[in-house]
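Encoded as structure tokens, the structure appears first; notes follow it.
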Amino acid sequence: MSMSSSDAVPETMPAATTATASSTRPFFWSVRREIWEYGSLYIAPLAVAGLVLFGFVISFFSMARHEQEIRATLTPNSMPAIMVLPYDIAAVSVIAVGVIVGLFYCLGALYNERRERSILFWKSLPVSNLTTVLSKAFIPLVVLPIIVFAVTVVLHLVMLALNIVARMASGMSVNDLLSNLPIFQMEIVMLYGAFAFALWHAPIYAWFIFVSGWAKKAPFLWGILPPLALVLVERLAFGTHYAGRLISYRLGGAVDAAFSRPTMLPIHVLHEHVTQNHGTRHGMDGVPVFGLQQIDLAGFLSTPGLWAGLVVAAAFLAAAVWMRRKREAL
Amino acid sequence: MSCIEAHGLRKTFGTTVALAGIDLKVEEGRILGLIGPNGAGKSTALNAILGLVPYEGQLKVLGRNPWTERDALMRDVCFVADVAVLPRWMRVSQVVDYVAGVHPRFDRAKAEGFLAKTTIRHTSRVRELSKGMVAQLHLALVMAIDAKLLVLDEPTLGLDLLYRKQFYDTLLNDYFDHTRTIVVTTHQVEEIQHILTDLMFIDRGRIVLTCSMEDFEARYTEVMVNPENIAAARALKPINERQVFNRAIMLFDGVKRDQLTGLGEIRTPSIADLFVATMGATQGIAA
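Note that the protein sequences, when read in sequence, are chains V and X.
Per our numbering, the first sequence starts with residue 1, numbered consecutively.
Per our numbering, the second sequence starts with residue 1001, numbered consecutively.
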């Protein structure tokens, strides 16, 4: 028997032995099949990275043209702000698209296989419902943070390279850039942030996975409307806002939970300048610089909201396993 | 140990009774044809056997409870159904990789061997293949799995005659080895008559007839009765009589062949004829 991939193919066993099961890797292959099926998991972050890069090149040249004027009005303290801002924008864009891709992925995770009726094929193989659901939860909780991190690092490095080349071409100091841009620290913060956000958002992902396994149609609406209805009903019936606060805490509380308050570099000088020239950028009073000192791991791990969220996530995933066992093709 | 053993297997959907408490025993190495009209409960029975739906009553497949032990059971059970569609977005090479990655009894070289005999390309996506090619791909996967029980639920539905014939020929020649068990349901009963070892008719959730093919051949006789013998033939109480080209064709159950020899041309009936004779009566269709 000749085999091209020896790790995955067990010898054919004539007798029934449970030991043969150990030579297969259902979880690993289930995760791989998710990545095969949903190319958007890496295509969307890459596309956004491309867009950011494009915008960066355009804005970089226009910024470079005005740098002399800006420099004249800047205090030494606010110097790094101009340098760091595009890198922050890049990171935030890729993280945001990662979250969006993750949410949409979860809404389809257990729904698409029922809609296209391949669920019976998957169920004809010795892969448990638990393995299947965990492999699907693994995507937003582990795979996407890795993709987001990797894409951001590459994007930052390309930006840095372009930045250096452009500065050299226009005779500006490369040292200024390198000394003001804590690039290595930024990437560590990215790695921590990507995983911290994923854990923080875990109950939302798990809720969507459960809905995708439960809904007979329109999983998107079923995912969104019940929480909204809950907020409205509570408000009308009791005049309170607990549900709404809980949901917005979950949606927007990740940064506060995972990081200590970042230093805001003043960019009012830059701000005024840009506003004069382009009439935009209102309401921005600083550039947050995330350095290693902002990583608040102890604080994050001692936030009750994190653990409560993870318990809720586990409950939704358990319900999703149960749904997958029960639900048939649509 | 029987391959499949059921006692009082019952399944209801709301007020609809899909399986009304059937008893069933399939020994190892048999090829059982499960035949019945639409909505008779065939697929429900197969789904229960495959652990896809919960049920009432007792059911053991390869000694296991299919509902609670599905994951373990699926190492020894394979299943091709018209409704178990291969994922359309997947590439052929990915399907093979995936099954190789998760199935402990999958022989990749064997699957590649079967695929090499087809025109299926590894880089194609399933949605680019014709329905016949998808069936070939699924069969290649299933035949490369060293399973003890193979369940086929309308495996050839929507395929043309050539693919259908090739499907069953391949199955019989390259797969069946008298230690495996096969359970098959289909409406194209003529095409599987020669491969079956056992026959079961199911209607409205009940088993109407169950017999081995040897019994079937010994028990049922069809006679194209000569016109002068019609009264004599009717006296032997045929279970069914029909007219073809103005000749009466009668189906006898348990009448010895030497009693029938003088009456006309004798042959073994097709499963389809027996099916129509038994089911037609209960369905209210003129048989």
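C-beta atoms are modelled at their ideal positions from N, C-alpha and C, and glycine is treated no differently.
Just so it is clear, the structure is predicted and the values come from calculations on it, not from any experiment.
Which one of the options has the shortest CA to CA distance from residue i?
| i | options | result |
| --- | --- | --- |
| L53/V | L144/V, P304/V, I89/V | I89/V |
| G98/V | F195/V, A320/V, R235/V, S62/V | F195/V |
| L1162/X | Q1136/X, F1176/X, I1120/X, V1151/X | Q1136/X |
| V255/V | R327/V, H241/V, L221/V, A198/V | A198/V |
| A161/V | V143/V, V142/V, L181/V, R325/V | L181/V |
| F1114/X | W1089/X, R1125/X, L1141/X | L1141/X |
| A332/V | E34/V, R261/V, I95/V, S260/V | This structure cannot speak to residue 332/V, because chain V is shown only from 1 to 330. |
| V1017/X | V1276/X, R1030/X, A1272/X, D1203/X | D1203/X |
| R32/V | L1050/X, A1116/X, A1100/X | A1100/X |
| T132/V | M83/V, L103/V, F27/V | F27/V |
| H1007/X | A1109/X, R1206/X, T1185/X, P1087/X | R1206/X |
| V1102/X | F121/V, G39/V, I82/V | F121/V |
| L1009/X | N1065/X, Y1175/X, R1105/X, A1109/X | N1065/X |
| E1154/X | R1127/X, F1176/X, V1183/X | V1183/X |
| T303/V | R325/V, Y87/V, L191/V, Y249/V | Y249/V |
| F247/V | S260/V, L232/V, S93/V | In the sequence under discussion, the amino acid at residue 247/V is Ile, which differs from the Phe named in the question. If we check each option's Cα against that of I247/V, L232/V comes out closest. |
| I39/V | P227/V, V142/V, I147/V | With the sequence shown as reference, residue 39/V is identified as Gly, and Ile is not the correct amino acid for it. The shortest C-alpha separation from G39/V is found at I147/V. |
| A319/V | V154/V, S30/V, W207/V | W207/V |
| F210/V | M186/V, V312/V, S118/V, G299/V | V312/V |
| A44/V | F104/V, E116/V, R261/V | F104/V |
| S59/V | Y87/V, L130/V, Y42/V | Y87/V |
| G1033/X | K1110/X, S1212/X, A1232/X, V1085/X | S1212/X |
Around the Cβ of residue i, are there at least 16 other Cβ atoms within 10 angstroms (buried) or fewer (exposed)?
| i | result |
| --- | --- |
| G223/V | buried |
| R1234/X | exposed |
| F1245/X | exposed |
| Y1098/X | buried |
| E37/V | buried |
| D1076/X | buried |
| E1222/X | buried |
| Y111/V | buried |
| T280/V | Below a pLDDT of 50, predicted positions are generally treated as unreliable, and T280/V, at 41, falls in that range; the measurement from the model is reported next regardless. Answer is exposed; the Cβ neighbour count stays below 16. |
| V57/V | exposed |
| T1015/X | exposed |
| D1169/X | exposed |
| W307/V | exposed |
| T1261/X | exposed |
| H201/V | buried |
| T1068/X | exposed |
| E272/V | Here E272/V scores only 49 on pLDDT, less than 50, and its place in the model should not be relied on; the value that follows carries that caveat. Under this definition E272/V is an exposed residue. |
| P1269/X | buried |
| R245/V | exposed |
| L144/V | buried |
| A258/V | buried |
| Y242/V | exposed |
| S22/V | For S22/V, the predicted model reports a pLDDT of 44, less than 50, meaning its position is unreliable; a value from the coordinates is still stated below. That one is exposed. |
| L1274/X | buried |
| D1023/X | exposed |
| H1194/X | exposed |
| M1200/X | buried |
| S1043/X | buried |
| T152/V | buried |
| A237/V | exposed |
Since residue i and residue j should fall inside the 8 Å C-beta cutoff, what is the C-beta to C-beta distance between them, to a whole number of angstroms?
| i | j | result |
| --- | --- | --- |
| V189/V | L292/V | 7 Å |
| K123/V | L1052/X | 6 Å |
| G1062/X | K1131/X | Reading off the sequence shown, one finds Leu at residue 1062/X, where the question assumed Gly. Not confirmed; about 31 Å, so no contact. |
| R327/V | G252/V | Not confirmed; about 33 Å, so no contact. |
| V1080/X | L1152/X | 5 Å |
| V1208/X | T1278/X | 6 Å |
| K1025/X | E1056/X | About 18 Å; that fails the 8 Å criterion. |
| P140/V | Y192/V | Not really, about 17 Å apart at Cβ, beyond 8 Å. |
| F1216/X | I1031/X | Their Cβ separation, rounded to whole angstroms, is 13 Å, which puts F1216/X and I1031/X out of contact at 8 Å. |
From the beta carbon of residue i, is the nearest beta carbon of chain C less than 8 Å away?
| i | result |
| --- | --- |
| H1187/X | Looking at the structure shown, chain C is missing, and the protein chains on hand are V and X. |
- Between the region 24-43 of chain V and chain X, which residues of the former have CB atoms less than 8 Å from a CB of the latter, in chain order? Under the 8 Å Cβ criterion, the region 24-43 of chain V contributes T24, R25, P26, F28, W29, S30, R32, R33, W36, E37.
- Task: Jot down the residue ranges of each uninterrupted beta strand (DSSP E) in the region 1114-1162 of chain X, minimum 3 residues, whole runs only, in chain order.
- Result: DSSP runs (the beta strand (DSSP E)) wholly in the region 1114-1162 of chain X: 1149-1153.
- Residues from the region 112-142 of chain V in contact with chain X, defined by Cβ distance under 7 Å: Of all residues in the region 112-142 of chain V, E116, R117, S118, L120, F121, K123, S124, L125, P126, V127, S128 have a Cβ within less than 7 Å of some Cβ in chain X.
- Message: Runs of 4 residues minimum, wholly inside the region 74-119 of chain V: which ones carry the alpha helix (DSSP H) assignment?
- Response: Counting only runs of 4 or more, we get 79-109, 112-115.
- Quick one: which unbroken alpha helix (DSSP H) runs of 4-plus residues sit fully inside the region 1195-1248 of chain X? Chain order, please. Along the length of the region 1195-1248 of chain X, whole alpha helix (DSSP H) runs at least 4 residues long occupy 1213-1219, 1230-1235, reported in chain order.
- alpha helix (DSSP H) runs contained entirely in the region 191-239 of chain V, provided each spans 4 or more residues: Counting only runs of 4 or more, we get 219-238.
- Item | Contact residues within the region 1172-1200 of chain X, judged by C-beta distance below 7 Å to chain V | Those residues of the region 1172-1200 of chain X that come within reach of chain V (Cβ to Cβ, closer than 7 Å) do not exist; the list is empty.
- Residues in the region 1098-1109 of chain X having any Cβ partner in chain V nearer than 9 Å: Cβ contacts with chain V come from Y1098, V1099, A1100, G1101, V1102, H1103, P1104, R1105, F1106, D1107, R1108, A1109.
- Query: Relative to chain V, which residues along the region 1070-1087 of chain X have a C-beta separation below 9 Å, given in chain order?
  - Reply: From the region 1070-1087 of chain X, only R1070, D1071, A1072, L1073, M1074, R1075, D1076, V1077, C1078, F1079, V1080, A1081, V1083, A1084, V1085, L1086, P1087 have a Cβ closer than 9 Å to chain V.
- For the region 1234-1251 of chain X, which residues have a CB atom closer than 9 Å to at least one CB atom of chain V, in sequence order? From the region 1234-1251 of chain X, no residue has a Cβ closer than 9 Å to chain V.
- Considering only residues of the region 1007-1093 of chain X, which uninterrupted beta strand (DSSP E) runs meet the minimum length of 3 residues and lie entirely inside it, listed in chain order? For the region 1007-1093 of chain X, whole beta strand (DSSP E) runs of length 3 or above, ordered along the chain, are 1016-1026, 1031-1035, 1056-1061, 1077-1081.
- Task: Check distances from the C-beta atoms of the region 1141-1167 of chain X to those of chain V and list, in chain order, the residues that come in under 7 Å.
- Result: Listed by position, the residues of the region 1141-1167 of chain X near chain V (Cβ gap below 7 Å) are D1146.
- Message: Going residue by residue through the region 282-326 of chain V, where are the continuous beta strand (DSSP E) segments of at least 3 residues, counting only ones entirely within it?
- Response: The region 282-326 of chain V is shown to contain whole beta strand (DSSP E) runs of 3 or more residues at 286-289, in chain order.
- Taking the runs of the alpha helix (DSSP H) that are 4 residues or longer, which of them lie wholly in the region 1252-1285 of chain X? The region 1252-1285 of chain X contains these whole alpha helix (DSSP H) runs: 1257-1260, 1271-1283.
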